[in-house]
Amino acid sequence: MIFTGPEDIPAAPATAELFVSGLSLVTYTAVRLRREALTTALAAGRLNEDTGPNSYLTKLIDQHGLHYSELVPAGRLPNGIAFVAHAQEGDLQQAIVWLDDEYALLVLPWVFATANRTDALGSLRLAHPLSLDELLRLVTEITRREVCEKVAGQAVAALVEQGVLAEGDVYDVRPLYALPAIQIWDLGGSDRQEAPYEGVAESRRFCWEISTLMAHATDHVAFDGLWRRRSPDQVFNDVGTGYTVLGDHMVFLNTSCCLEISHLPVGLRTRSEFRMRYYGYDSSSIFVWTIANLRLAVSDNLERHYRSAMGALVEESSITTKRNIDISKSQLRHSAMLVELQHFRHFMREARNRHFDEELCLLRKSDEAVARTMKEMDRVAQLATELSRARDQLVQSNSNTLLAALAAGLAIGGIPQVVEQVDAWIGERSWWKVGLAFCLAITIIAVILKIWKGRR
0 MIFTGPEDIP
10 AAPATAELFV
20 SGLSLVTYTA
30 VRLRREALTT
40 ALAAGRLNED
50 TGPNSYLTKL
60 IDQHGLHYSE
70 LVPAGRLPNG
80 IAFVAHAQEG
90 DLQQAIVWLD
100 DEYALLVLPW
110 VFATANRTDA
120 LGSLRLAHPL
130 SLDELLRLVT
140 EITRREVCEK
150 VAGQAVAALV
160 EQGVLAEGDV
170 YDVRPLYALP
180 AIQIWDLGGS
190 DRQEAPYEGV
200 AESRRFCWEI
210 STLMAHATDH
220 VAFDGLWRRR
230 SPDQVFNDVG
240 TGYTVLGDHM
250 VFLNTSCCLE
260 ISHLPVGLRT
270 RSEFRMRYYG
280 YDSSSIFVWT
290 IANLRLAVSD
300 NLERHYRSAM
310 GALVEESSIT
320 TKRNIDISKS
330 QLRHSAMLVE
340 LQHFRHFMRE
350 ARNRHFDEEL
360 CLLRKSDEAV
370 ARTMKEMDRV
380 AQLATELSRA
390 RDQLVQSNSN
400 TLLAALAAGL
410 AIGGIPQVVE
420 QVDAWIGERS
430 WWKVGLAFCL
440 AITIIAVILK
450 IWKGRR
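The sequence shown: position 344 = 343 (numbering that gives the first Met the number 0), numbered continuously.
Okay, here's the thing in structure tokens:
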């Protein structure tokens, strides 16, 4: 607990107190790909992943099946973002996260830092520490739909240019523009001692700023300093509780934002520096948030896919058995993937991360979303089975009709009399008549066999 009630919230600050010298803003894009595209890239060395002691994958038990690639280029920083952040132009990077490589998540960390940072984090250089109003404008701009769509397009194009993916591998691209993660890892511009973040105490001090960042998607707080007009109840709703382990950081969570404030010393620890270089953030909570976004992206995409499949099937009068089998195979594979993502917390080693993921599932009502998707899958599978059965009945009916017509034709053609004449033709050495009789018999047998196979 940070506050016991709204009455504990202090008055809104009259002047800016929070100045951010370094932050990571992580945005996500869901992509649907040709199956085996990422597996092939990984096997060919066009994509790499680290499983060393500092990797986030070590926070999972064996057989987890998750892949988290190294950072690769994602194009240039948009000019509009550079202007809003007062930052120098630079390159963006991205990682790819997937469980089943038909559905993946592009993870793009926007890492900003002032020039006084001595560590080489590959960050975009800020001209000065950002005030809350400047930071709020930056977050609002980066999470705009138009910006996310542009960056998603250039990120996919960069993957194709580098040979990670081929033309035609990407079937669908959907930016999750409203689900960012934010890690503030340097408050050097604020009036405070150069020390680790003092958890609860400083969360109380900066509660208005933290609450505003959590509500960044709300229009009336994003402009003209109107965030100071929020009520204590609204602030308490966002900052009343948080997550921490050693008290040197705080994590805040709602349905659309994960915010961690973890003021790192100027001299980064080896693990922190590795994670900043390799992932663009140093936060287990953001790692769990990333998996939750993958779960949401897969569930939403599958629900749309099976609704579309249902719409296509209702226009059909029948389908082949092979198509029905293919639909069943896809449904089984997709169902298994959904179940694995929904219960992925059981692969997490630490209880705090499992609890964090469970809280996310409750906030987003993930169980309901998965249930809806499963229902769409079952409806498609049931309809496909009925349409396949209808085709079987139609084929059988047609076969019966053909057999009846063939029998009638044989009877009319007097085939029994032809058979009686074969001995006579042999005695007369009329071989052409014998050959004609055999050809007729073979033709009849072939037609019957074809009809029989069609019925099967």
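Just so you know, even glycine gets a beta-carbon here, dropped at the ideal spot from N, CA and C.
Problem set entry | Residues that DSSP places opposite M249 in a beta bridge | In the DSSP output, where bridge partners are listed per residue, M249 has I260.
For this session: Kindly indicate the opening and closing residues of the alpha helix (DSSP H) around A13.
Result: Taken as a continuous stretch (DSSP letters only), A13 belongs to no alpha helix (DSSP H), as it is neither H nor E.
Exercise. Going by alpha carbons, who is nearest to L252 out of G246, T240 and S261?
Worked result: Nearest option by C-alpha distance: T240.
Problem set entry | For G224 and G79, the rounded distance between their alpha carbons | Roughly 21 Å between the two C-alpha positions.
Exercise. Can you check whether the CB of S255 is closer than 7 Å to the CB of A216?
Worked result: Inclusion of A216 and S255 in the CB contact set at 7 Å is warranted, their separation being smaller than that value.
Problem set entry | Neighbourhood of L70 by C-beta distance below 7 Å, restricted to the same chain and skipping five residues each side | Taking L70 as the centre and dropping the five residues before and after it, the same chain places the C-beta of Q92, Q93, A94, Y277 and G279 closer than 7 Å to its C-beta, in chain order.
For this session: Check whether the Cβ atoms of W226 and C257 lie closer than 7 Å to each other.
Result: Against a cut-off of 7 Å, the Cβ pair of C257 and W226 comes out as no contact.
For this session: Mind reading off the beta-carbon distance from L104 to A291? Whole number of angstroms is fine, and I expect it under 8 Å.
Result: No, L104 and A291 are not in contact; Cβ-Cβ is about 10 Å, not under 8 Å.
Problem set entry | Beta-carbon proximity of A40 to L32, cut-off 7 Å | Against a cut-off of 7 Å, the Cβ pair of L32 and A40 comes out as no contact.
Problem set entry | Chain-order list of residues whose beta-carbon lies under 6 Å from that of L129 (same chain, five-residue window excluded) | If we look at L129 and ignore the five residues flanking it on each side, its Cβ neighbours are V19.
For this session: Please list the segments of the beta strand (DSSP E) lying wholly inside the stretch 160 to 235, counting only runs of 3 or more residues, in order along the chain.
Result: Those beta strand (DSSP E) runs which fall completely within the stretch 160 to 235 and span 3+ residues are 169 to 174 and 180 to 185.
Exercise. What runs of the alpha helix (DSSP H), each 4 residues or longer, lie entirely inside the stretch 71 to 159?
Worked result: Fully enclosed alpha helix (DSSP H) runs of no fewer than 4 residues occupy 78 to 84 and 131 to 141 of the stretch 71 to 159, in order along the chain.
Problem set entry | Residue environment, Q62, which counts as buried when at least 16 other CB atoms sit within 10 Å | Residue burial is scored here from C-beta neighbours: Q62 has fewer than 16 other C-beta atoms within 10 angstroms and is therefore classed as exposed.
Exercise. For L456, does the three-state DSSP call read helix, strand or coil?
Worked result: The structure shown does not extend to residue 456, since the chain is modelled only from 0 to 455, so the question has no answer here.
For this session: Assess, as a yes-or-no matter, whether the stretch 48 to 57 is touched by the stretch 334 to 341 under the definition of 3 or more beta carbon pairs within less than 8 Å.
Result: With the cut-off at 8 Å, the stretch 334 to 341 and the stretch 48 to 57 do not touch.
For this session: Work out the CA separation of Y67 and E145 for me, nearest whole Å.
Result: Distance between the alpha carbons of E145 and Y67: 27 Å.
Problem set entry | Host beta strand (DSSP E) of T28 (start-end) | T28 -> beta strand (DSSP E) spans G21 to L32.
For this session: Compare the Cα-Cα distances from S283 to each of G44, R351 and A383 and report the closest residue.
Result: Comparing Cα-Cα distances from S283 to each of G44, R351 and A383, the minimum goes to R351.
For this session: Using only alpha-carbon positions, find the residue among E302, S327 and I318 that is nearest to M373.
Result: When only C-alpha atoms are compared, the closest one is E302.
For this session: Assign T26 to one of two classes, buried (16 or more other C-beta atoms within 10 Å of its C-beta) or exposed (fewer than that).
Result: The residue is buried, with at least 16 neighbouring Cβ atoms inside 10 Å.
Exercise. Would DSSP call S387 helix, strand or coil?
Worked result: Helix.
For this session: List the residues that DSSP assigns as beta-bridge partners of H66.
Result: BP columns for H66 point to W97.
Exercise. From which residue to which residue does the alpha helix (DSSP H) around D325 run?
Worked result: Residues T320 to Q341.
Problem set entry | Close Cβ partners of D185 (< 6 Å) along its chain, the five nearest in sequence each way excluded | Annotation for D185: S20 and G21 place their beta carbon closer than 6 Å to its own, counting only its chain and skipping 5 residues before and after.
Exercise. So is I8 buried or exposed if we call it buried at 16+ other beta carbons inside 10 Å?
Worked result: Its Cβ being crowded by 16 or more others within 10 Å, I8 is buried.
For this session: Compare the C-beta of G64 with all C-beta atoms of chain E and state if any pair is closer than 7 Å.
Result: Any reference to chain E falls outside this structure, which holds one protein chain only.
Exercise. Are the Cβ atoms of S122 and V138 separated by less than 7 Å?
Worked result: Going by C-beta atoms, S122 is not nearer than 7 Å to V138.
Exercise. What residue does the alpha helix (DSSP H) around D356 start on, and which one ends it?
Worked result: A350 to R363 is the span of the alpha helix (DSSP H), which, as asked, contains D356.
Exercise. Would you report the Cα separation of C438 and E166, rounded to the nearest angstrom?
Worked result: Between C438 and E166, the C-alpha separation is close to 53 Å.
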